[in-house]
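Protein chains in written order, with our numbering: chain A, 2 to 491; chain B, 8 to 489.
For reference, the structure discussed in these notes is given below.
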Amino acid sequence: MGFDILSAIVLLPILAGVVLFFLPAKNHKLIYSFALAVALVTFLLSIAVYVGFDTNGDTFQFVHKYDWLPQLGISYHVGVDGIAAPMVLLTGVVIFTGVIISQRIDDRPREFFAFLFLLASGVFGVFVALDLFALFFFYEIAVFPMYLLIAIWGWKQSREYAAMKLTLYLFIGSVIALVGVLAMYFSSGLNTFDFLALQNANFSPEFQQLWFPFVFFGFAVLGGIFPFHNWSPVGHVAAPTAVSMFHAGVLMKLGAFAALRVGIMLMPEGAQFHMWWIILLTLVNVVYGAFIAMTQTDFKFMIGYSSVSHMGLVAMGLATLNHDGLVGAGIQMVSHGVMTALFFAVVGMIYDQAHTRQILELGGMMKIMPFAGIAFIIGGLVSMGMPGFSGFVAEFPIFMGVWGDTPWIAIVAAISIAVTAAYILRAVGKVFFGEMPAALEGHMHDIKISEKLALGILCAIMIAIGIFPSVIVPMVEHGVQAVLALVGGA
Amino acid sequence: MFGSITPDMILAILPELSLLVVLAIVFIADLVLPKERNGLLPWITAAGLAVTFVVTLLFTNPGAGAELVWGGMLRHDMLAYLGKLLFIFAAFVTTLISVKFGDVWLKGEYYFLMLASTMGMTLMAASADVVMLFLAIETTSIPLYILAGFMTGDNKSTEAGFKYLLFGAMTTAVMLYGFSLLFGFTGTTNLYAMSAAITAGSIPVPVLVGTVVLVLLGLGFKVAIFPMHFWAPDVYEGAPTPITAFLSTASKAAGFLVLIRIMLASFPQVLADWQLILGVAAVASMFVGNVVALTQKNIKRLLAYSGIAHAGYALLGVVAASELGVASVVYYLLVYVVTNLASFGIVVIVWHAVGSDEIADYSGLSRRSPMLALVMLLAFLSLAGIPPLGGFIAKVLVFAAAVEANLVWLAVLGVLNSIIGLYYYLIVLKEVYLGQPTSEEPIAVAPAHGVAIVASILLVLLLGVVIAPGFDWALAAAASLF
Chain A
2 MGFDILSAIV
12 LLPILAGVVL
22 FFLPAKNHKL
32 IYSFALAVAL
42 VTFLLSIAVY
52 VGFDTNGDTF
62 QFVHKYDWLP
72 QLGISYHVGV
82 DGIAAPMVLL
92 TGVVIFTGVI
102 ISQRIDDRPR
112 EFFAFLFLLA
122 SGVFGVFVAL
132 DLFALFFFYE
142 IAVFPMYLLI
152 AIWGWKQSRE
162 YAAMKLTLYL
172 FIGSVIALVG
182 VLAMYFSSGL
192 NTFDFLALQN
202 ANFSPEFQQL
212 WFPFVFFGFA
222 VLGGIFPFHN
232 WSPVGHVAAP
242 TAVSMFHAGV
252 LMKLGAFAAL
262 RVGIMLMPEG
272 AQFHMWWIIL
282 LTLVNVVYGA
292 FIAMTQTDFK
302 FMIGYSSVSH
312 MGLVAMGLAT
322 LNHDGLVGAG
332 IQMVSHGVMT
342 ALFFAVVGMI
352 YDQAHTRQIL
362 ELGGMMKIMP
372 FAGIAFIIGG
382 LVSMGMPGFS
392 GFVAEFPIFM
402 GVWGDTPWIA
412 IVAAISIAVT
422 AAYILRAVGK
432 VFFGEMPAAL
442 EGHMHDIKIS
452 EKLALGILCA
462 IMIAIGIFPS
472 VIVPMVEHGV
482 QAVLALVGGA
Chain B
8 MFGSITPDMI
18 LAILPELSLL
28 VVLAIVFIAD
38 LVLPKERNGL
48 LPWITAAGLA
58 VTFVVTLLFT
68 NPGAGAELVW
78 GGMLRHDMLA
88 YLGKLLFIFA
98 AFVTTLISVK
108 FGDVWLKGEY
118 YFLMLASTMG
128 MTLMAASADV
138 VMLFLAIETT
148 SIPLYILAGF
158 MTGDNKSTEA
168 GFKYLLFGAM
178 TTAVMLYGFS
188 LLFGFTGTTN
198 LYAMSAAITA
208 GSIPVPVLVG
218 TVVLVLLGLG
228 FKVAIFPMHF
238 WAPDVYEGAP
248 TPITAFLSTA
258 SKAAGFLVLI
268 RIMLASFPQV
278 LADWQLILGV
288 AAVASMFVGN
298 VVALTQKNIK
308 RLLAYSGIAH
318 AGYALLGVVA
328 ASELGVASVV
338 YYLLVYVVTN
348 LASFGIVVIV
358 WHAVGSDEIA
368 DYSGLSRRSP
378 MLALVMLLAF
388 LSLAGIPPLG
398 GFIAKVLVFA
408 AAVEANLVWL
418 AVLGVLNSII
428 GLYYYLIVLK
438 EVYLGQPTSE
448 EPIAVAPAHG
458 VAIVASILLV
468 LLLGVVIAPG
478 FDWALAAAAS
488 LF
């Protein structure tokens with residue numbers, strides 16, 4: 002079978018989390034160095050998965066399967082397809098950059114990194130799981146640490162409320178999806194939770210029509226789908242920087258990914274039956290999210306709502322159920338993940354020094370931290386879908402896919418591009434090029450080399466995808482082919 | 008009556024014999040040891056229980072077989088075997104966390120009564136005859152009444168003991184009345200023979216349902232499910248904390264094993280009726296337990312209400328009345344017992360440090376003792392049903408059993424309840440991790456307590472990650488009933 006690289010990626014962070022608990026609590030330097038080393042190894046492993054994925058090979062690669070609870074047909078079964086492999090890389094990138102910029106955590110850093118790694122293990126686990134029980138197991142592992150990370154290390158004024166709201170929202174979603182998964186298990190009569198076996202379960206159309214919404218929305222809550230998006234901006238704002246990066250960058254993708262894996266791929270007829278109205282909800286996400294983002298005065302809230310808008314595009318791409326839309330959704334998950342991680346990183350760097358996130362109270366950052374400014378502008382261009390950046394590569398196919406079925410939705414959704422440009426440019430203009438308020442004069446200094454490195458990695462990915470779409474498009478297409486084979490779309 | 012005594016018959020009661028020996032040793036040790044050496048008593052008890060555990064584990068496994076022994080009084084099967092191990096483990100942990108507890112821990116009677124109660128539980132798990140069952144239940148309960156009121160100088164403890172005695176005696180009487188009706192109509196006291204007599208039409212269905220309700224009232228009291236739950240918070244709060252731990256784990260689990268056995272063995276003819284009754288009781292227990300737990304300020308009361316809710320979840324598996332259902336209940340009990348033992352272990356440790364059981368006094372525990380806070384985090388998350396801990400697997404299994412039995416509505420109500428549960432467990436953890444401690448001094452953990460909570464929490468993790476061996480046992484226990 003060879004080296005099980007996916008299991009290594011899943012288990013390394015959680016084991017590191019356990020080891021962390023045995024390091025001396027006071028030795029912050031040792032704790033940080035250890036966390037950084039683990040994150041680096043994880044990042045390198047995720048690159049190895051991405052590079053090692055053969056776009057002419059099998060649908061699922063790096064597959065390994067071990068018995069877990071054979072009496073109920075539960076196995077620990079891992080493997081990645083062309084959609085999951087980029088997500089693994091994304092997670093690796095975000096955990097590495099997130100740890101880099103978390104150097105300033107000085108309240109119980111040991112616990113902070115341990116919980117962060119637990120979260121990372123859960124996220125990796127969901128992306129690579131090929132067994133619904135395992136997927137669910139990791140899904141909950143990924144959701145729970147958010148509570149502690151936000152409640153303990155978050156922004157004092159709203160952290161308890163935000164953490165509880167987020168946790169309850171996501172758990173209600175996940176337990177409802179769980180009932181759906183159990184219904185699938187017993188209805189299939191196959192006595193297995195294995196994803197590949199359940200693909201051929203041929204659930205009756207009535208079953209699929211009844212259960213698809215439960216499973217899809219149960220997971221899509223985490224993807225921030227309207228009208229269940231409310232927890233997300235509140236959570237982003239309250240979370241510490243690295244956690245915001247992880248949350249918006251990776252965790253929300255988990256919802257969309259699981260909705261695709263379990264909802265669309267296993268109940269394709271249910272998906273086709275319901276998608277006409279789900280796509281309308283995603284349209285609300287995209288347009289409403291953008292408008293709300295424009296009205297925000299808090300920098301972090303603005304980005305939080307922009308995530309709602311951009312994740313709406315992912316859901317919209319999924320809802321098309323056609324080739325272009327799905328490919329776009331797959332790429333958008335990566336593009337948005339990197340972009341929003343960068344946004345939150347920059348906002349965090351500014352907030353750490355300025356102690357305010359009000360856009361109107363900030364200004365002149367370009368002179369102080371030009372590197373962060375340029376990185377933010379690149380992120381902004383991605384956000385607007387500018388050609389030459391990853392956002393274009395992602396959003397263009399989504400709009401193409403939507404246009405093919407329902408042109409008016411594509412037209413309405415395109416409004417969001419203009420709105421996004423408006424709020425991004427306004428923020429860039431004020432925060433980076435505006436005049437620096439007197440209160441901040443002399444308090445600000447440039448960011449550290451390590452932080453520049455983190456931002457540099459994120460920018461490089463967005464530009465690389467923008468200029469050489471071939472680094473990702475064939476891989477995602479490879480994964481989408483398998484989805485289309487199930488859905489039977491054009 | 009018994010005919011000749013075979014080795015099988017001895018094996019079936021080997022755990023009880025071993026407990027009896029330990030009991031005698033403790034009794035004698037209490038007499039011969041000088042007063043100032045009474046600190047040895049818990050260690051003698053714990054060692055005896057450890058030996059009993061190992062002996063039971065190694066020598067009394069009935070395998071796939073199941074036979075009635077001692078004239079049909081006991082049934083030697085996997086369900087009984089697992090139950091006995093569980094109770095002995097619970098007694099072991101209870102003994103360890105009793106160390107240094109007030110002045111109760113220096114009294115020989117304390118251990119004597121606890122061992123007697125444990126023996127009653129092991130007999131409950133195996134009872135196949137209503138007479139034996141009644142005796143076993145009384146052997147379990149009477150020592151517990153005394154233990155709950157053991158701190159004679161403490162009003163709350165006295166109140167707890169008295170309350171437990173009064174309600175316990177009353178519900179036992181009701182149950183005994185049910186048993187007498189069963190005997191009167193069927194002419195047999197054996198649980199397994201009863202079913203055949205009932206099938207032959209010896210008892211009219213309405214009377215039978217009424218009788219089942221009487222029996223359920225008695226057993227409902229033991230496992231603290233709605234509407235027989237009301238005693239639990241007061242008794243749990245007042246009783247010495249180690250005894251609370253024992254009550255909420257072993258005693259509850261023993262009641263559940265009896266419930267499973269009697270329902271499946273004796274009353275299959277009115278399956279639909281008792282399914283409905285227990286289904287309603289399960290939903291009511293979950294809601295009452297979880298909703299009332301939201302407002303609790305005292306950790307022992309909180310755990311009491313959470314225990315009522317957990318009995319409701321476990322009941323889902325009983326209601327499913329399938330092999331998966333029974334296996335899920337057994338797994339649930341395994342997990343619940345070890346998780347709650349860990350939780351109460353922490354309550355004891357914190358009580359030693361701050362002298363209070365108020366949730367507010369858990370403030371900042373993570374700053375004082377990160378490791379203790381971590382154990383508490385794991386225990387409470389297991390109660391909330393979060394992976395990779397046992398509670399998650401247990402909950403998924405009972406919900407799966409409900410879905411399999413076409414009781415999707417029960418599963419949905421169950422999962423929604425687990426969200427309410429999550430909320431109040433998080434409230435406590437918030438206090439532990441976010442609150443400011445009143446003192447920065449690390450909390451000292453006595454070695455006995457440390458062993459107790461570490462052993463329990465490791466089992467919680469083990470049951471959450473390596474599921475197959477435990478589930479194999481649970482399945483075998485379920486198979487022994489069908």
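Glycine is no exception: its CB is placed at the ideal position from the N, C-alpha and C atoms.
These numbers come from a predicted model, not from an experiment.
Q. What residues from the stretch 288-311 of chain B come within 9 Å of chain A, judged by C-beta to C-beta, listed N to C?
A. none
Q | DSSP-derived helix/strand/coil call for A:Asn231 | A | Taking the first sequence and counting its residues from 1, the one referred to as residue 231 of chain A is at position 230. Of the three classes helix, strand and coil, the one that applies to A:Asn231 here is coil, per DSSP.
Q) Nearest chain A C-beta to B:Glu411 closer than 9 Å, yes or no? A) To locate residue 411 of chain B, count along the second sequence from 1; it is residue 404. Interface residue, yes.
Q | C-alpha distance - A:Ala491 paired with A:Gly402, whole-angstrom precision | A | Working through the first sequence from its first residue, we reach residue 491 of chain A at position 490. Working through the first sequence from its first residue, we reach residue 402 of chain A at position 401. In this prediction, A:Ala491 scores a pLDDT of 40, lower than 50, which makes its location untrustworthy; no coordinate-derived value is stated.
Q: Would you mind working out which of B:Leu381, B:Ala246, B:Asn45, B:Leu390 sits nearest B:Val344, comparing C-alpha positions?
A: Here residue 344 of chain B is taken as the residue at index 337 of the second sequence, counted from 1. Ranked by Cα distance from B:Val344, the options B:Leu381, B:Ala246, B:Asn45, B:Leu390 are led by B:Leu390.
**Q.** Three-state secondary structure (DSSP) of A:Asn286
**A.** For the purposes of this step, residue 286 of chain A is taken as the residue at position 285 of the first sequence. The answer is helix: DSSP assigns A:Asn286 an H, G or I state.
Q: Note the first and the last residue of the continuous alpha helix (DSSP H) segment covering A:Ser188.
A: Along the first sequence, one-based indexing puts residue 188 of chain A at 187. For A:Ser188, the enclosing alpha helix (DSSP H) begins and ends at 160-189.
Q) CB-CB under 6 Å to B:Leu18, same chain, minus the five flanking residues each way: which ones, in chain order? A) The residue you call residue 18 of chain B lines up with position 11 of the second sequence. Taken in chain order, the residues that qualify are Thr67.
Q) Of all Cβ atoms in chain A, is any one closer than 9 Å to the Cβ of B:Leu429? A) Taking the second sequence and counting its residues from 1, the one referred to as residue 429 of chain B is at position 422. Yes, its Cβ sits closer than 9 Å to a Cβ of chain A.
Q. Chain A beta carbons: is any one of them nearer than 9 Å to that of B:Ile353?
A. Within the second sequence, the letter at position 346 stands for residue 353 of chain B. Taking Cβ atoms only, chain A never reaches closer than 9 Å to B:Ile353, which makes this a no.
**Q.** Contained alpha helix (DSSP H) runs [length at least 4] in the stretch 361-386 of chain A, N- to C-terminal order
**A.** 366-369, 371-385
Q | Test item: CB-CB of A:Ala152 and A:Val127 under 9 Å | A | On the first sequence, residue 152 of chain A is found 151 positions in, with the first residue counted as 1. On the first sequence, residue 127 of chain A is found 126 positions in, with the first residue counted as 1. Not a contact, by the Cβ cut-off of 9 Å.
Q | Within 8 Å of chain B by C-beta, residues of the stretch 174-189 of chain A in sequence order | A | Val176, Ile177, Leu179, Val180, Leu183, Ala184, Tyr186, Phe187
Q. How long is the line joining the alpha carbons of A:Gly264 and B:Ala231, rounded to whole angstroms?
A. By one-based count along the first sequence, residue 264 of chain A stands at place 263. By one-based count along the second sequence, residue 231 of chain B stands at place 224. Looking at the two C-alpha atoms, the distance is approximately 39 Å.
Q. For B:Ala155 versus B:Thr129, is the C-beta spacing smaller than 9 Å?
A. Counted from its first residue, the second sequence places residue 155 of chain B at position 148. Counted from its first residue, the second sequence places residue 129 of chain B at position 122. It is not a contact, given that the beta carbons lie outside the stated cut-off.
Q: Could you check what DSSP says for B:Val473 in three-state terms: helix, strand or coil?
A: In the second sequence, counting from the first residue as 1, residue 473 of chain B sits at position 466. Three-state DSSP puts B:Val473 in coil, outside helix and strand.
Q. Hey, B:Met126 and B:Leu27: beta-carbon distance below 9 Å or not?
A. Position 119 of the second sequence, counted from the start, is the residue given in the question as residue 126 of chain B. Position 20 of the second sequence, counted from the start, is the residue given in the question as residue 27 of chain B. Yes, the pair counts as a contact, with Cβ atoms nearer than the cut-off.
Q: Within its chain, find whatever has a CB closer than 6 Å to the CB of A:Ala261; leave out the 5 residues flanking it on each side and keep chain order.
A: Position 260 of the first sequence, counted from the start, is the residue given in the question as residue 261 of chain A. One detail in the question is off: residue 261 of chain A reads as Leu in this sequence, not Ala. Within the same chain, A:Leu261 has close Cβ partners Leu319.
Q) Touch check for the stretch 332-352 of chain B and the stretch 436-455 of chain B: three-plus C-beta pairs under 8 Å? A) no
Q: Just mark A:Trp277 as buried or exposed, buried being the case when its beta carbon has 16 or more other beta carbons within 10 Å.
A: As a working note, residue 277 of chain A is residue 276 in the first sequence. With fewer than 16 other Cβ atoms within 10 Å, it is exposed.
Q: Please report the Cβ distance between A:Val39 and A:Phe125, rounded to the nearest whole angstrom; I am assuming they are in contact, meaning their Cβ atoms lie under 8 Å.
A: The sequence position of residue 39 of chain A within the first sequence is 38, counting from 1. The sequence position of residue 125 of chain A within the first sequence is 124, counting from 1. About 13 Å; that fails the 8 Å criterion.
Q. In chain order, what residues of the stretch 394-409 of chain B put their CB closer than 8 Å to some CB of chain A?
A. Pro394, Pro395, Phe399, Val403, Phe406, Ala407
**Q.** Inter-residue spacing [alpha-carbon to alpha-carbon] between A:Gln482 and A:Asp195
**A.** Here the question's residue 482 of chain A lines up with position 481 in the first sequence. Here the question's residue 195 of chain A lines up with position 194 in the first sequence. Spanning the two alpha carbons is a distance of roughly 20 Å.
(Q) Any contact between the stretch 357-375 of chain A and the stretch 432-445 of chain A? By contact I mean 3 or more CB pairs, one from each, below 8 Å. (A) yes
(Q) Taking CB distances under 9 Å as the criterion, tell me whether B:Arg374 reaches chain A. (A) Reading the second sequence from its first residue, position 367 is the one you call residue 374 of chain B. Closer than 9 Å: yes.
**Q.** Straight-line gap, A:Gln210 to B:Thr102 (C-alpha atoms, nearest Å)
**A.** Here residue 210 of chain A corresponds to residue number 209 of the first sequence, with the count starting at 1. Here residue 102 of chain B corresponds to residue number 95 of the second sequence, with the count starting at 1. Cα to Cα, the separation comes out at about 55 Å.
Q) How about A:Phe302 and A:His248: do their beta carbons lie closer than 9 Å? A) Within the first sequence, the letter at position 301 stands for residue 302 of chain A. Within the first sequence, the letter at position 247 stands for residue 248 of chain A. No, Cβ-Cβ distance for A:Phe302 and A:His248 is not below 9 Å.
Q) What are the boundary residues of the alpha helix (DSSP H) that A:Val477 is part of? A) Indexing the first sequence from 1 puts residue 477 of chain A at position 476. Its alpha helix (DSSP H) spans residues 474-488.
Q: Please confirm whether A:Leu183 and B:Ala418 have their CB atoms less than 9 Å apart.
A: For the purposes of this step, residue 183 of chain A is taken as residue 182 along the first sequence, with counting starting at 1. For the purposes of this step, residue 418 of chain B is taken as residue 411 along the second sequence, with counting starting at 1. Against a cut-off of 9 Å, the Cβ pair of B:Ala418 and A:Leu183 comes out as a contact.
Q) Of all the CB atoms in chain A, is at least one closer than 9 Å to the CB of B:Phe489? A) Numbered from its first residue, the second sequence carries residue 489 of chain B at position 482. Closer than 9 Å: no.
Q | Three-state class that DSSP yields for B:Gly70 in the structure shown | A | By 1-based counting over the second sequence, the position of residue 70 of chain B is 63. Looking at B:Gly70 - three-state DSSP - the assignment turns out to be coil, as it is neither helix nor strand.
Q. Within 9 Å (strictly less), CB to CB, does A:Pro241 reach chain B?
A. As a position in the first sequence, residue 241 of chain A is number 240, starting the count at 1. Closer than 9 Å: no.
Q: Would you kindly check if the distance between the Cβ of B:Leu385 and the Cβ of B:Ala7 is under 9 Å?
A: A question about residue 7 of chain B goes unanswered here, because the residues of chain B that appear run from 8 up to 489.
Q: Spell out the partners DSSP gives A:Val79 in its beta bridges.
A: In the first sequence, the residue the question calls residue 79 of chain A occupies position 78. Answer is A:His65, A:Ala130, bridged to A:Val79.
Q: Please name the residue in A:Arg109, A:Leu24, A:Val129 whose C-alpha comes closest to that of A:Tyr51.
A: To locate residue 51 of chain A, count along the first sequence from 1; it is residue 50. Checking every option, the nearest Cα to that of A:Tyr51 belongs to A:Val129.
Q | Cβ-Cβ separation, B:Leu396 to B:Ala388 (assumed contact under 8 Å), whole Å | A | Stepping through the second sequence from its first residue, residue 388 of chain B is reached at position 381. Stepping through the second sequence from its first residue, residue 396 of chain B is reached at position 389. Correcting the residue type first, residue 388 of chain B is Leu in the shown sequence and not Ala. That belief holds up - the Cβ atoms of B:Leu388 and B:Leu396 are roughly 6 Å apart, short of 8 Å.
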